[in-house]
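In the numbering used here, the protein residues as written are 686 to 824.
Here it is, written out as structure tokens:
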């Protein structure tokens with residue numbers, strides 16, 4: 686429901702029923718319905734942003750694998766991929782401070798991740814994206 690639709694329903698209810706208890710009940714019911722709808726929309730938006738961020742991460746991963754095939758090592762920094770292996774480094778679809786990818790080389794592999802809050806991150810490890818606890822002191 687939009688705000689004006691909700692207001693119209695409330696006004697119609699006020700005119701039809703004079704009992705304040707019933708009006709308050711109806712208003713509370715409509716408010717809860719509106720809030721549950723908004724929560725669902727927010728969840729879908731957040732899920733969509735995570736999916737788009739992972740797709741951007743997959744572009745970086747492909748560039749990293751191509752770089753490793755040619756150079757027999759992974760780059761020390763992501764910016765070494767530009768412009769030969771990727772035209773520009775994409776960011777995530779999330780707001781700051783989670784708007785960029787983090788990267789670290791490991792012996793014969795790499796890790797790439799982006800935080801989603803202070804405790805959780807999405808990371809690419811062992812060939813798959815995983816939701817994991819974010820240990821800032823270990824990153």
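Here a beta-carbon is modelled for each residue, glycine too, at the ideal position from N, C-alpha and C.
Rounded C-beta distance between residue 752 and residue 770? I'm assuming under 8 Å.
Taking a contact as a CB-CB distance under 8 Å, the pair residue 752 and residue 770 counts as one, their CB atoms being some 5 Å apart.
Buried or exposed for residue 807, please, with buried defined as at least 16 other CB atoms from any protein chain shown within 10 angstroms of its CB.
buried
How is the beta strand (DSSP E) around residue 816 delimited, first residue to last?
813-818
Rounded to whole angstroms, how far is the Cβ of residue 746 from the Cβ of residue 788, which I believe are closer than 8 Å?
Going by Cβ atoms, the distance from residue 746 to residue 788 rounds to 10 Å, so no, they are not a contact pair.
Is residue 801 helix, strand or coil when you go by DSSP?
coil
Following the continuous beta strand (DSSP E) through residue 791, name the residue where it begins and the one where it ends.
787-791
According to DSSP, what are the bridge partners of residue 795?
790
State the DSSP-derived secondary structure class of residue 752, mapped to helix, strand or coil.
In the three-state reduction of the DSSP assignment, residue 752 falls in the helix class.
Tell me whether the region 731-740 and the region 774-787 touch, counting them as touching only if at least three CB pairs, one residue from each stretch, are closer than 8 Å.
Segments in contact, yes.
With 16 as the cutoff for other CB atoms within 10 Å, does residue 782 come out buried or exposed?
exposed
State yes or no: is the C-beta of residue 669 within less than 7 Å of the C-beta of residue 786?
The first residue shown for the chain is 686 and the last is 824, placing residue 669 beyond what the model contains.
Confirm, please, whether the CB-CB distance from residue 694 to residue 665 is below 7 Å.
What the structure shows of the chain is the stretch from 686 to 824, and residue 665 is not part of that stretch, so it cannot be assessed.
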